[in-house]
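First up is the structure itself, then whatever we jot down about it.
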Amino acid sequence: MNAASVLARAEAAGVRFVLDAGRVRMTSDRPPPPDVVTDLRQHRDDVAHLLALREAVADPGEHDGAEAVALAAHHAAAAHPHAYKPTDPDPLRDGLLAAAMRRPPAWADNLAEPSRGSVCASCAGRRWWGDRLGWRCATCHPRPRDYRPSGRWREVQT
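Per this note's numbering, the very first residue in the sequence shown carries number 44; after that it's consecutive.
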């Protein structure tokens with residue numbers, strides 16, 4: 044639990060806060076629940092910091108005051124223990140990348156050379172050969188030994 048959530052719980056329980064010379068004063072119509080008081084004591088300095096931020100942006104002419112308070116509470120909050128890191132495995136990203144790199148075993152566009160990392164959708168091969176008629180997976184469609192193309196042909200390893 045962080046200071047912002049403790050403060051929100053206390054205010055929901057009817058506790059009002061006043062910052063007086065750097066000290067937090069609490070008032071309430073009825074005693075707050077003991078767990079709220081315990082949490083407030085645990086996060087005393089952070090709650091005082093949030094209240095000071097609130098007071099600093101409480102200028103009635105300031106139209107962004109509520110946003111500034113929300114931002115302060117957000118940045119004061121502890122980081123989520125399972126926050127996303129770009130180095131973490133991401134099944135969606137990795138699956139989309141793998142799908143984007145799959146090529147059919149053969150295609151007729153001779154200008155669409157297989158890009159680096161391309162794999163055959165049938166055999167996962169990475170060797171391709173192509174001529175003026177298109178590109179083919181070298182494993183699924185091996186080039187015949189006696190093949191003499193009328194034009195140039197070439198082989199690519201991805």
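Ideal placement from N, C-alpha and C gives every residue a C-beta, glycine not left out.
Item: Nearest residue (CA-CA) to V244, options H125, P134 and E98; Value: As displayed, the chain neither begins before 44 nor continues past 201, which places residue 244 out of reach and without an answer.
Item: Helix, strand or coil at R87 [DSSP, three-state]; Value: helix
Item: Any alpha helix (DSSP H) of 4 or more consecutive residues that is wholly inside the segment 110-162; Value: 134-144
Item: Helix, strand or coil at R188 [DSSP, three-state]; Value: coil
Item: Through-space distance from C166 to A46, alpha-carbon basis; Value: 56 Å
Item: Distance, A149 Cα to R179 Cα; Value: 4 Å
Item: Residues of its chain near L94, where Cβ-Cβ distance is below 7 Å and the 5 sequence neighbours each way are ignored; Value: F60, L62 and V67
Item: Of the listed residues D174, R175, L176 and A141, nearest to C163 (C-alpha basis); Value: A141
Item: Range covered by the beta strand (DSSP E) that runs through R68; Value: R66 to T70
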